[in-house]
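Just below is one structure, and these are the notes that go with it.
In our numbering, the protein residues as written are 2 to 147.
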């Protein structure tokens, strides 16, 4: 698979809400930083937990609006949409609508994603999802992840 195909496959698994399939596209020591995440993402299991939380409360969908690759680095521009279907961070999201633009920058190792950094319109996203505070873990040293 090309790096673009790896990212596309990850997004396809995401859109199918297939967390276990998503995990197959992440290396065992994969690092994910998402400034909008409500929990720290220190391990692959944390990433699994996050996406299970998301899929149980939002019928979320990524639309790839653009993608560029150079070597093993891929940037995907995303439009993230979906209706609320359950409880997110203690807030009932039924009737809420998520509609934001995000970016996903990945470092690919073989047929898996080694590092992912999501860039989000966190102010809009947090407002749409009831004003929850993201868990930004600056101790990871964003400058050193890629």
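Glycine is no exception: its CB is placed at the ideal position from the N, C-alpha and C atoms.
Quick check on residue 48: does DSSP put it in helix, strand or coil? In the structure shown, residue 48 sits in a helix (DSSP, three-state: H, G or I).
Hey, how far is the Cα of residue 78 from the Cα of residue 126? Residue 126 has its alpha-carbon roughly 16 Å from the corresponding atom of residue 78.
Considering Cα atoms alone, identify which of 65, 87 and 31 is closest to residue 105. 65
Taking Cβ to Cβ, would you say residue 129 is nearer than 8 Å to residue 99? In contact: residue 129 and residue 99 (Cβ atoms closer than 8 Å).
Report buried or exposed for residue 3, applying the criterion of at least 16 other Cβ atoms within 10 angstroms of its Cβ. exposed
With 16 other Cβ atoms within 10 Å as the buried cut-off, status of residue 124: Exposed, by the Cβ-count rule.
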